[in-house]
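Each residue of the sequence shown is one higher than the one before, counting from 1 in full-length UniProt numbering.
Positions of the beta carbon are idealized from the N, C-alpha and C atoms, including for glycine.
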Amino acid sequence: MFKKILIANRGEIACRVIKTARRMGIATVAVYSDADARAPFVRMADEAVHIGPAPAAESYLIADKIIAACKQTGAEAVHPGYGFLSERASFVEALAKENIAFIGPPAKAIAAMGDKIESKKIAREAGVNVVPGFVGEIRDTDHAVEISNDITYPVMMKASAGGGGKGMRLAYSEKDVREGFESVKREGLNSFGDDRVFIEKFIEDPRHIEIQILGDQHGNVVYLNERECSIQRRHQKVVEEAPSPFVTPQMRKAMGEQCVALSKAVGYYSAGTVELIVSGADKTGESFYFLEMNTRLQVEHPVTEAITGVDLVEQMIRVAAGEKLEITQDDVKIDGWAIENRVYAEDPYRGFLPSTGRLVRYQPPVEPWADDGSENGRRGIDGIRVDDGVFEGGEVSMFYDPMIAKLVTWGETRDEAADLQIAALDAFRIEGLGHNVDFLSAIMQHPRFRSSELTTGFIAEEYPDGFEGAPASPQLISVLAAVGGVIATADADRARRIEGQLSDDLYAPGDWTIRIGERAEGSTSHEVRLEENALTVDGEQVTIEMQYTPGEPMVDVALYDNDADEDAEPVEAYTFQLAPTRTGYAVTTRGATHHLRILQTRIAHLASHMIEKEPPDLSKMLICPMPGLLVKLHVGEGEEVQPGQPLATVEAMKMENILRAEKQAVVGKINASEGDSLAVDEVILELE
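Here it is, written out as structure tokens:
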């Protein structure tokens, strides 16, 4: 077994590998860029080596610097994590020349599966179902249109060396192909150094299901069941679960055996994932097709660990050291259900745009996952596991993926795992930048998610006009009003106790009018009354239990049946995050922030005489929605534009974002030039 390994990665996956290596008695070496000098993974490792500036192209992507760090520290092997150099065959070969082991598959397997065009040919020869498409060289845009017309629409254009949702465009017409083909080539070249593109049929009502493979260097390969990753945004996974609610035992066996055959065909060993696209419309389960093989550890590997009890990182290390797998296919089990949500620094209320910056507050619902080696330990604390690589006061950098943490929950059933997600997300406290916690909670509560009617179009179909927060049930509205009344009374009582401020004879008021909603239009008004032994909302009794001290940012609330005895279980339990506002509180829970305007009932009627401030009209400006690089201006001053017409292309997080006109107008003043670095909310151009 190795005595020292180097982790050629950063963030949460570096922390994940270090924890398991430490449990195995293996010393670890971290490599870090300027941006990561204070990162948790650097402090966690036994040794750390600085490898360059913040941009990955000048640090984490330079193989020579990784090899030099190995020589400097005496590391015998390298774990690549995911991303960066994890699927670069040349890196594996360079390590081998220096007699440094690679904790991953052989170079020839990486090369074969890393090329999407070549991998489909191998898959077909191995007897694996493949999607109809064109896998040859595409000369130009006209050739791409010709191919797409032959396959029939819709088609997917993909960069051959792409991954992580980058270099992909869906085309429903010839116009879409002409508009998107060159963009796919550019993204492929910029992100992966390869501008080759292939085109394939887009499967209607598709589900994204993947098979986890694990093999050793002695010819043994097993499949560790499947994961469903159908809920995606811009082809990037948002929610993953294991097992899939769609897959039957017969499907699992057929998929698994095909994926094992593919792995053996390329001499695969270590952990890997075969991604499949499955037609949700075909209930026989026979319409599944090979998409690609990821020759590395997946971001979502913890859900497989939770239901199988297999530590994938440990197995990767053991396989790289030449050990045989100790498990056979018959040993692989499915115990319970696991769901993973990716907590990202992105703003779902602004079209999911990246939101980099400082984590002013970061408090996960439980302590970050610690590897104790047990099967239950891989499920975290009481079924909640947080894998992260950030810290309070740290920065989510524009140079890397904007992931803050992975939240994994395990339950005996799918509903139990989803309910745990909702509770844990409510308790996730993040301040200082935008994040997608509300959106993830909304998905977990969504009736379509609960009924397992999933496709890769879930987000686009359920949130066509963007995300505005999860809808609140009448029960939740009632509890919000009740809690608003309780905290208003507690705040008032504290104020009267301040010496010299109020007479001791005065009592805190107990009658409140609470408006729930940010603006008068669309809000609801509720009368809350607190008496010695009763709490009513609009005349109806509400029985809650909570402990609140003025100034607390978070409060747990239990709702009980009004006739319940002392030993009864609550009907519902909530966690409310509280942020004081000028006239009340912003309360965040269950996937939305609710603005509570709280007034004493005796003066509440006067509020109707107050004039509401109208928000400024921003429709005449094209505003940069996130920090990024202005790649292209599509229009000039004085030009007339139509709704949907591209105005500018901004690159952020290595993704190109096309900003379009929302209405017919004439371009007035242009305030930015191609090549400019833009700040969030910077005005690119003005419309007349």
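- For glutamine 363, the enclosing beta strand (DSSP E) covers residues 361-363.
- A Cβ-Cβ contact shorter than 8 Å links valine 343 with phenylalanine 428.
- In this structure, aspartate 388 places its C-beta atom within 8 Å of the C-beta atom of alanine 405.
- In this structure, the alpha-carbon of alanine 69 lies about 47 Å from that of phenylalanine 576.
- A Cβ-Cβ separation of about 17 Å leaves glutamate 257 out of contact with serine 244 under the 8 Å criterion.
- When beta bridges are read from the DSSP output, histidine 50 appears opposite Tyr32.
- About 32 Å separates the beta carbon of leucine 433 from that of alanine 482, a gap too long to meet the 8 Å contact definition.
- Annotated three-state conformation of aspartate 194 is coil, per DSSP.
- Annotation for asparagine 149: no beta strand (DSSP E) segment contains it, though the alpha helix (DSSP H) segment containing it runs 141-151.
- Linking glutamate 552 to aspartate 567 through their CA atoms gives a straight-line distance of about 27 Å.
- Within 10 angstroms of the beta-carbon of glycine 133 lie 16 or more other beta-carbons, which makes it buried.
- Methionine 316 and glycine 285 do not touch by the CB rule: their CB atoms are close to 30 Å apart, not below 8 Å.
- CA-to-CA, the gap between proline 570 and alanine 488 works out to about 23 Å.
- A distance of 8 Å or more separates the beta carbons of valine 78 and valine 49.
- Residue pairing from DSSP places glycine 133 in a beta bridge opposite Glu200.
- The criterion of a C-beta distance shorter than 8 Å is not satisfied by glutamine 217 and tyrosine 172.
- Assigned with DSSP and collapsed to three states, aspartate 347 falls in strand.
- Per the C-alpha coordinates, the member of Glu527, Gly539, Ala564 and Ala579 positioned closest to glutamate 545 is Ala564.
- Annotated three-state conformation of histidine 208 is strand, per DSSP.
- When only Cα atoms are considered, phenylalanine 246 and aspartate 64 end up about 45 Å apart.
- Residue burial annotation: glutamate 300 is buried, with at least 16 other C-beta atoms found within 10 angstroms of its C-beta.
- Beyond the five residues adjoining it in sequence on each side, histidine 595 comes within less than 6 Å, by CB distance, of Glu518 and Ala586 in the same chain, given in chain order.
- Under the DSSP definition of a beta bridge, proline 354 partners with Glu346.
- Between the stretch 388-404 and the stretch 415-426, the count of C-beta pairs closer than 8 Å stays below three; the two stretches do not touch.
- Residue ranges of uninterrupted beta strand (DSSP E) with 3 or more members, entirely inside the stretch 200-273 and ordered along the chain, are 206-215, 221-228 and 239-242.
- By the beta-carbon neighbour count (other beta carbons within 10 angstroms, threshold 16), histidine 208 is buried.
- When the five nearest sequence neighbours on each side are left out, the beta carbons in the same chain lying within less than 6 Å of the beta carbon of glutamate 637 are those of Val667 and Ile670, in order along the chain.
- Closest option to threonine 28, judged by alpha-carbon separation, among Ala37, Arg43, Ala39 and Asp36: Arg43.
- Within its own chain, the residues whose Cβ lies closer than 7 Å to the Cβ of arginine 178, once the five positions on either side in sequence are excluded, are Thr141 and Val145, listed in chain order.
- Residue burial is scored here from C-beta neighbours: valine 17 has at least 16 other C-beta atoms within 10 angstroms and is therefore classed as buried.
- Just so you know, the alpha carbons of isoleucine 122 and isoleucine 203 end up roughly 21 Å apart.
- Less than 8 Å separates the beta-carbon of proline 627 from that of alanine 679.
- Boundaries of the beta strand (DSSP E) harbouring glycine 167: 166-171, taken from the DSSP string.
- Burial check for histidine 605: the Cβ neighbour count within 10 Å stays below 16, so the residue is exposed.
- Short of 8 Å from the beta carbon of threonine 455, and not among the five residues preceding or following it, lie these beta carbons of its own chain, in chain order: Asp205, Pro206, Arg207, Ser230, Gly280 and Glu461.
- Between the stretch 430-446 and the stretch 360-367 there are three or more C-beta pairs closer than 8 Å, enough to call the two in contact.
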